[in-house]
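Q:
In mature numbering (1 follows the signal peptide of the UniProt record, and there is no 0), the protein residues as written are -27 to -1, 1 to 395.
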């Protein structure tokens, strides 16, 4: 597809719409409103190498598009962005649109920082059915659309194929169940080499995927019911603690240290997101990636990702220009570059058929593994509080060998306080 894909395809879609009985009103307004040159800006916190790739895509669009749109990008760290954004939007001094995690969308909407974009698909003429529905649904709140997906991710199981083979395991058959996972962790652990089967970092905030796998949970989707203190959760956390006692994971380990150990070949397995892929490829690690293992209730992983969101107060002209950029991002040429370089899963159905994508073992495996996503407090304003005040302290104590029932009870009491708004 050529570099003028956004304007060309949009124009074609609008022409087709007219032939079928009239151009949608917003599409006509979008075409007219964006005829004059306009500059739009967005803020994000892509401070790593992914930010460099994002800048390349923005620069390429600015140089080649025929939409008369120039996009300015402002990258800052997460804390700075969150501190500046509410005041900037409310005073009209902020960005025209925002690139942020989908877990922040509810908070932004509730704080009157976003414009609904229910007309996006009709205005641009793009076919929403070409994209994975579970990904698109993360852009809606109470039936209204507030975002357009930029990327999608889950947590995945990485495994070192060389260490699997050395332990007598099939390097092409990763563990698919929790029992197989535990067996592989034990077999690939060799204390004499300071080599471990898996890492259970104390600052990894979830572990909810293990609870889900065996039928447990933490909180209801609407945030009103405490589900933490259950026998299913106690049994799962006891199983996890017993693995720790077997020595399959280093003690008192941080997530960053786990990344380093996996890169150094001292760790046979690691749970992480797709942002790890690019670095491992550059290091030449012989690794595989697969879905998180299933328990008695199945396999699940907390869903995540980022969306483009239109800031409150956008004019019709700004909305039209932002839609042009959002539409540009959704074309396969752009999504392909993002996935091929950064390792994020493919969620465009046409792109999944691309020969380069189909020929990329890691991307194929990541995309297949991305079918088990589940909402982990994405729509709860208390989400970060649940992570920091409930899950993190509970898991630190469980991994340190403290009594599991007591740990769960204490965490459940803390969750009650969160639900009560205290």
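Idealized CB from N, CA, C, for every residue including glycine. Keep in mind it's a predicted model, so treat the numbers as computed, not measured.
Counting only the same chain and skipping the five closest in sequence on each side, list residues whose C-beta sits under 8 Å from that of residue 50.
A: Counting only Cβ-Cβ distances below 8 Å, and skipping sequence neighbours, we find 18 and 20.
Q: Using a Cβ-Cβ cutoff of less than 7 Å, which residues in the same chain neighbour residue 348 once the five nearest sequence positions on both sides are dropped?
A: Here the set comprises 194 and 276.
Q: Going by DSSP in three states, residue 306 sits in which element: helix, strand or coil?
A: helix
Q: Who are the near neighbours of residue 234 in its chain, counting only those whose CB is closer than 6 Å to its CB and skipping five residues on each side?
A: 240
Q: Taking only three categories from DSSP, how would you classify residue 330?
A: helix
Q: Please name the residue in 158, 177, 175 and 176 whose C-alpha comes closest to that of residue 169.
A: 158
Q: Would you mind working out which of 262, 34 and 11 sits nearest residue 144, comparing C-alpha positions?
A: 262
Q: Buried or exposed for residue 222, going by 16 or more other Cβ atoms inside 10 Å?
A: buried
Q: Taking C-alpha atoms, which residue in 44, 74 and 43 lies nearest to residue 54?
A: When each option's Cα is compared against that of residue 54, the closest is 74.
Q: When you compare the CB positions of residue 274 and residue 128, do they come within less than 8 Å of one another, or not?
A: Against a cut-off of 8 Å, the Cβ pair of residue 128 and residue 274 comes out as a contact.
Q: What is the rounded straight-line gap between the Cα of residue 259 and the Cα of residue 198?
A: 44 Å
Q: Can you check the stretch 210 to 270 for any beta strand (DSSP E) of at least 3 residues that lies completely inside it and give the ranges in chain order?
A: Counting whole runs of 3 or more residues, the stretch 210 to 270 contains the beta strand (DSSP E) stretches 242 to 245 and 260 to 263.
Q: What residues are listed by DSSP as bridge partners for residue 17?
A: 48
Q: Kindly list the residues whose CB is nearer than 8 Å to the CB of residue 47, restricted to its own chain and excluding five residues on each side of it in sequence; keep chain order.
A: 14, 15, 16, 17 and 68
Q: If contacts are defined as beta-carbon pairs under 8 Å, then residue 391 and residue 371 qualify, I think. What distance do you get, rounded to the angstrom?
A: With 8 Å as the limit, residue 391 and residue 371 do not qualify as a contact, their Cβ atoms being about 19 Å apart.
Q: Are there 16 or more other CB atoms within 10 angstroms of the CB of residue 356, so buried, or fewer, so exposed?
A: With 16 or more neighbouring CB atoms inside 10 Å of its own CB, residue 356 falls in the buried class.
Q: Can you tell me the Cα-Cα spacing of residue 58 and residue 165, whole angstroms?
A: Going from the Cα of residue 58 to the Cα of residue 165 covers about 51 Å.
Q: If you check the beta carbons only, do residue 329 and residue 313 fall under 8 Å apart?
A: yes
Q: Which residues does DSSP pair with residue 73 in a beta bridge?
A: 280
Q: Can you tell me whether DSSP reads residue 299 as helix, strand or coil?
A: helix
Q: Which residue comes first and which comes last in the alpha helix (DSSP H) that contains residue 35?
A: 22 to 37
Q: Provide the residue span of the beta strand (DSSP E) that contains residue 124, from first to last.
A: 121 to 126
Q: Where does residue 80 fall in DSSP's three states?
A: helix
Q: Report yes if the C-beta distance between residue 42 and residue 298 is below 8 Å; otherwise report no.
A: yes
Q: Which same chain residues end up closer than 8 Å to residue 179 when comparing Cβ atoms and leaving out the 5 residues on each side of it in sequence?
A: 128, 275, 349, 360 and 364
Q: Using the beta-carbon count (16 or more within 10 Å), is residue 182 buried or exposed?
A: buried
Q: Rounded to whole angstroms, what's the CA-CA distance from residue 394 to residue 215? Just pull it up for me.
A: Residue 394 and residue 215: Cα-Cα distance of roughly 34 Å.
Q: Given a cut-off of 8 Å on the beta-carbon distance, is the pair residue 103 and residue 323 in contact?
A: yes
Q: Start and end of the beta strand (DSSP E) containing residue 151?
A: Looking at the DSSP string, residue 151 is not in any beta strand (DSSP E); the run it does join, the alpha helix (DSSP H), is 151 to 160.
Q: Work out the CA separation of residue 71 and residue 60 for me, nearest whole Å.
A: 14 Å
Q: Could you check which residue in 84, 115 and 265 has the C-alpha nearest to that of residue 285?
A: 84
Q: Could you please give the first and the last residue of the uninterrupted beta strand (DSSP E) stretch that includes residue 130?
A: 129 to 133
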